[in-house]
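J.: First the structure, which I've put down as structure tokens, then a few questions once you've had a look.
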Amino acid sequence: MKMLPNPFTAHLALVSPGIDIELSFNEFLQDLGVSPELAHILWLPLPMFLVLIAAIIGVLVTVWLERKISAAAQQRIGPEYAGALGILQPMADGLKLLVKEDIIPAKADGLLFTLGPVLVLVPVILSWLIVPFGQNLLISNVGIGIFLWIALSSIQPIGLLMSGYASNNKYSLLGGLRAAAQSISYEIPLALAVLAVVMMSNSLSTVDIVEQQNSAGLLSWNIWRQPIGFLIFWICALAECERLPFDLPEAEEELVAGYQTEYAGMKFALFYLGSYINLVLSALLVSVLYLGGWGFPIPIEWFAEWIGEPISSPIVQVCAGSIGIGMTVLKAYLLVFLAILLRWTTPRVRIDQLLDLGWKFLLPISLVNLLFTAALKLAFPIAFGG
Amino acid sequence: MTIAASTELICFLILGAVVVLGSIGVVLLTNIVYSAFLLGGVFMAVAGLYLLLNASFVAAAQVLVYVGAVNVLILFAIMLVNKKEELKPIKGLQLRKILSGAICLGLLSLLIRVDFTTPWNLPGPKAIGEDATERIGEHLFTDYLLPFELASVLLLMAMIGAIVLARRDVLIQDLDTEKAIDLPIIENGKEPLLIDKTSP
Amino acid sequence: MPETGALFLTNQSMTAPGELLGLALNAGAILPEGIILLAMLGTLLVDLAGQKAAAKWAPPICYIGLGTSLCLLALQWNGPLEPSFLGAFLADNLAVAFRAVIALSTLISLLISWRYAEQSGSPVGEYAAILLAATLGAMLLCGSTDLISVFVSLETLSVASYLLAGYMKRDARSSEAALKYLLVGSAAAAVFLYGASLLYGISGSTNLQEIGVALLTSPTPLAALALVFVLSTVAFKIAAVPFHQWTPDVYEGSPTPVVAFLSVGSKAAGFALAVRLLVGCFGAFDNQWKLLFTVLAVLSMTLGNVVALAQTSMKRMLAYSSIGQAGFVMIGLVCGTEDGYAAMVLYMAAYLFMNLGAFACIILFTIRTGSDRISDYAGLYQKDPLITLGLSLCLLSLGGIPPMLGFFGKIYLFFAGWADQQYLLVVVGLVTSVISIYYYISVIKMMVVKEPHEASEVVKAYPSIQWKTIGMQPLRAALVTCVLVTAVGGILSSPLFQWANSAVAGTPLLQEAIALTGERALG
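Chains as they are written, first to last, in our numbering: chain A, 778 to 1163; chain B, 7 to 206; chain C, 17 to 539.
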């Protein structure tokens, strides 16, 4: 029987600068006399656990930001008493949902009703696998990278349809259908926008995509080469996350709360969590695809040269790693801030406008964008990653 | 047996069981919505099998196309026309079921028998893993270029056809005689058609 | 026998990365299909401008496309035999002949369909585009030498056919026909895929020639199973009994011009597929598939012709008779001799003209009267001599009465069968031919013999003949051409014979098979 190349060790083969925590961890354990296999098994759950925690903390921060920024937009103060500046408010919200009674409506389909939110949440969390915070700071540098995210995000509509159907409520069903329609309509321009970036970096891997952007700092970011792609991606990402102005599936005035109408307690919290994790994830991916990922606006190598320290020295490595994480998170949260501002300042579109925008505007534009990228790549191979 | 090999075997057994039981469920369940959701599960399990074969690109494509597109479309179709209808009882349904079941079992036993008597080419070609994406592209633009391009014609035509068939009918005028056309296929048709004139 | 496994190494996975990209594709071989694709896109674009523009411009675009394509096919005749797309397509003479038959059948089907489409209120532009797509699939199917190409082109043809069958969506029968066709067709496609996957599993290649070689070295029971699966798809496509159940319903419900295309173009593609798969790939199972095809042919001839006797609707009668006709063509395939294949090609070409001629006549009658019941044709010769003459000649030719084209085609088939000692097939063919002549003649009798006072109500109320409305002129042109070729082609058939013979002579695949059969007969 052939050995499965393990995705968690696959990136070890890459000889590249940057700190490699896994390698150090394994070596440390092996020094203690633990067998390599056991060390590997001990290592496996750690990054996943770490990312899960990171995702949830990211959501808590986003929820707090949402409350504060919406308050500012409406000239209110917002949460104030729970912790300093109300930073504990999201925790309180979560706790409330956690202990709330879990209701399954009498005529609902219990199994599907429970499975629906899980199917919405799990693919989103799995997609965090491919988000890089540094050269080696990601769970798995799979070769199909960004394609994995596109594939995983296509599972979500099934969960939405499932919960819409299982609720046995016409608003839920309509909301579920709308959500699924919206999700599959906007996935196509989204994928085409990603494809243009992939075409320039000659790789699907998120690490390669970031590396290709970091040759000259700020100037080499993809946003300058793909301005239209960036806009398309951002619009589609908002639509995929069902953020305003595209939150039709839960349009209160028409559909009560769409597919979430019948949900309460922890199941509702799963939807809520899924939606915010997806928002943070989308923001992270925008920064990876278009804003140079972990790269500092001025390349770290230049600094290292300037202070005369070799790039491989531990101190530079640690600094570069922390700056990388900081930059990724900073860029992502700038985008989250933008999304929140958009939410509290724009009106909601109608469903026909939404679908028109997706199919008749974004789809052709993204196709043209792809075509142009290909043409530019052939014409200027140096600038467009020939 | 190494840990990796036994993990692989266990994964294979689980995925295989999901595929087989899921498919049986898709066929036998009476609630069509359950069948459709189960079909999604089967597709996912198949993607898992591809992953076990170290074909991650194919696995992701399987999820994207089959779960994300095909299965969602099936669900859409079911949910949009989810009308309870009284179906006429079919005569001899029980007998038919037994007969078709027997034929399927016969075919299954034949396949199993043939499967065990064939000298399979084992082990098969080595998986190329991460390079697969590039190689697939290479093949699509060389020896499989013809079917690849033809598939786009097929899809275009299927899309146009689907729109033509699904488009709401307006009353059409004969360009030549300027008469409104409201007849079924010309032969045998003397009674006017499905178009409901009372509705706007 | 474990060591045979070592033989089946895959060629495809052994090529080095990037190696394939440097090879020449030789894509010029599919230029005729490219032209048809352009015509299809042109039709779609014209259709965007509205119904009137489509009715005006779609026909010339289609004519030009199909005409150019036919000219290019003529240029490919006896051309160099280089495989295109690294072995996915081969434009040998057999492929060229069948592609020409298909393109011609589309051209004639289009000529006879404009008026019909207009009068039944269906959008013309999309209709032409879908028909052209079906043609594209069918033509590529004829030359495909790779399982994937075969499958995709087969699906292009099939999906387009489903759409065409359901094109009169306002008629419930048309929708029923489309749905039935879709369900049965998808099942057939699934069975084909299963068979194809088995073939790939045995040989490690999707190329038909390589599969053929692998099967020769190790004919396993699995390969026999694959043969059965593949054969059932072929039988479905050519509507051989017992895979014919879809035919009558689909033919009755579909728009008549579509039936005309399905009964000729789609069937020709099915036969080309049969030759490619069975002769080219299952040479090791020669006896087995020939036996199976003998059974299919006997059943088709018998059932098709006997059931056709009892039909009252013209379309349904032609549907059953087309099942019988497919049975006759299968005789040539079963023979596996030079004459057998040539007779098959010849009969396919003859069938094109006589069947489409008959369809042109019944469409004209339908347009004028709105009926296709056989009894409504009573006394037609008084009112419409053209239809009477054309239909009589075509039906006589279909029945195989000398000196029509059909007679020579049939004689050639029976001669080839007799020479190859397929006595059963020939005797059944002769007997069923006589049966078919009976029901063809009874239609003619209905039209010609009845006195004016015995004429049907429909004929008594027959409208005055005029050719001015849109689409009538092409219909007349197609009708006259088909009838002329059917009538005169019989007398001047020797160039046709030569053409059919050189089609076989210019096809290495068939030559190899013939040589192989000859060797077996000797040794």
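Just so you know, even glycine gets a beta-carbon here, dropped at the ideal spot from N, CA and C.
State the start and end residues of the unbroken alpha helix (DSSP H) segment that holds residue 97 of chain C.
T.: First-last for residue 97 of chain C: undefined, no H or E at that position.
J.: What residues in the segment 153-164 of chain B have a beta carbon less than 7 Å from any beta carbon of chain C?
T.: Of all residues in the segment 153-164 of chain B, 153, 156, 157, 159, 160, 163 and 164 have a Cβ within less than 7 Å of some Cβ in chain C.
J.: Do residue 519 of chain C and residue 90 of chain C have their C-beta atoms within less than 8 Å of each other?
T.: For residue 519 of chain C and residue 90 of chain C, no; Cβs fall outside 8 Å.
J.: Count the other CB atoms within 10 Å of the CB of residue 45 of chain C; is the residue buried (16 or more) or exposed (fewer)?
T.: Result: buried.
J.: Is there a C-beta anywhere in chain B that falls below 8 Å from the one on residue 976 of chain A?
T.: No, residue 976 of chain A does not count as interfacial toward chain B.
J.: Quick check on DSSP: helix, strand or coil for residue 1155 of chain A?
T.: Helix.
J.: Can you tell me whether residue 426 of chain C is buried or exposed, with buried defined as 16 or more other CB within 10 angstroms of its CB?
T.: Looking at its Cβ environment, which holds 16 or more other Cβ atoms inside 10 Å, residue 426 of chain C is buried.
J.: Under a three-way DSSP split, which group does residue 381 of chain C fall into?
T.: Note: residue 381 of chain C maps to helix in three-state DSSP.
J.: In this structure, does DSSP put residue 802 of chain A in helix, strand or coil?
T.: Note: residue 802 of chain A maps to helix in three-state DSSP.
J.: Any C-beta of chain C sitting closer than 8 Å to the C-beta of residue 26 of chain B?
T.: Closer than 8 Å: no.
J.: Quick check on the burial criterion: 16 or more other C-beta atoms within 10 angstroms. Buried or exposed for residue 498 of chain C?
T.: Counting Cβ neighbours within 10 Å, residue 498 of chain C comes out buried, since at least 16 surround it.
J.: Check the Cβ of residue 141 of chain B against every Cβ in chain C and list those closer than 7 Å, keeping chain order.
T.: Here the neighbours are 33.
J.: In the DSSP assignment, what residue or residues form a beta bridge with residue 105 of chain C?
T.: DSSP, once it has assigned bridges, lists C:100 and C:160 as partnering residue 105 of chain C.
J.: Beta-carbon of residue 46 of chain B versus every beta-carbon of chain A: anything under 8 Å?
T.: Yes, contact with chain A.
J.: Among A:814, A:809 and A:806, whose alpha-carbon lies nearest the alpha-carbon of residue 10 of chain B?
T.: The shortest C-alpha separation from residue 10 of chain B is found at A:814.
J.: Going by the CB atoms, is the gap between residue 507 of chain C and residue 419 of chain C shorter than 8 Å?
T.: A contact, by the Cβ cut-off of 8 Å.
J.: Check whether the Cβ of residue 920 of chain A lies closer than 8 Å to any Cβ atom in chain B.
T.: Taking Cβ atoms only, chain B reaches closer than 8 Å to residue 920 of chain A, which makes this a yes.
J.: Enumerate, from N- to C-terminal direction, the unbroken alpha helix (DSSP H) stretches of 4 or more residues contained entirely within the segment 462-506 of chain C.
T.: Listed in chain order, the complete alpha helix (DSSP H) runs (minimum 4 residues) inside the segment 462-506 of chain C are 473-476 and 488-505.
J.: Can we say the segment 911-926 of chain A touches the segment 980-999 of chain A, given the rule of at least three CB pairs closer than 8 Å?
T.: Segments in contact, yes.
J.: According to DSSP, what are the bridge partners of residue 329 of chain C?
T.: Beta-bridge pairing links residue 329 of chain C to C:389.
J.: Runs of 3 residues minimum, wholly inside the segment 12-67 of chain B: which ones carry the beta strand (DSSP E) assignment?
T.: Here no run is fully enclosed.
J.: Against residue 847 of chain A, what residues of chain B qualify as contacts under a CB-to-CB distance less than 8 Å, listed in chain order?
T.: Chain B residues near residue 847 of chain A: none, gap ~33 Å exceeds 8 Å.
J.: Taking C-alpha atoms, which residue in A:1025, A:963 and A:1074 lies nearest to residue 1142 of chain A?
T.: Looking at the Cα atoms, A:963 is the closest of the given residues.
J.: Quick check on DSSP: helix, strand or coil for residue 991 of chain A?
T.: If DSSP states are grouped into helix, strand and coil, residue 991 of chain A belongs with coil.
J.: Taking 8 Å as the CB-CB limit, is residue 170 of chain B close to chain C?
T.: Residue 170 of chain B counts as touching chain C.
J.: When you compare only the Cα positions, how much space is there between residue 1020 of chain A and residue 206 of chain C?
T.: Cα-Cα distance, rounded: 42 Å.
J.: List, from N- to C-terminal side, the alpha helix (DSSP H) runs of 4 residues or more that fit wholly inside the segment 127-182 of chain C.
T.: Complete alpha helix (DSSP H) runs here, min 4: 140-159 and 163-181.
J.: Using a Cβ-Cβ distance under 8 Å, would residue 9 of chain B count as near chain A?
T.: True, the Cβ-Cβ gap to chain A drops below 8 Å.
J.: If we count the other Cβ atoms within 10 Å of its Cβ and call it buried at 16 or more, is residue 96 of chain C buried or exposed?
T.: It is exposed - the Cβ of residue 96 of chain C has fewer than 16 other Cβ atoms within 10 Å.
J.: How would you list, in chain order, the residues of chain B whose beta-carbon sits under 7 Å from the beta-carbon of residue 101 of chain C?
T.: Result: 149, 151 and 152.
J.: Would you say residue 837 of chain A and residue 856 of chain A are within 8 Å of each other, going by their C-beta atoms?
T.: No, they are not a contact pair.
J.: Could you give the residue range of the alpha helix (DSSP H) that holds residue 963 of chain A?
T.: Its alpha helix (DSSP H) spans residues 947-978.
J.: Taking only beta-carbon atoms, is residue 788 of chain A less than 8 Å away from chain B?
T.: With a pLDDT of 38 at residue 788 of chain A, under the threshold of 50, the modelled position of this residue cannot be trusted; read the value that follows with caution. For residue 788 of chain A, the answer is no, since every Cβ of chain B falls outside 8 Å of its Cβ.
J.: On the three-pair Cβ rule with 8 Å, is the segment 385-401 of chain C touching the segment 515-532 of chain C?
T.: With a cut-off of 8 Å, the segment 515-532 of chain C and the segment 385-401 of chain C do not count as touching, because too few Cβ pairs lie within range.
J.: Under 8 Å between beta-carbons, which chain B residues line up against residue 37 of chain C? List them in chain order, please.
T.: The answer, in chain order, is 144, 147 and 148.
J.: Run through DSSP, which three-state label would residue 42 of chain C get?
T.: Coil at residue 42 of chain C, not helix or strand.
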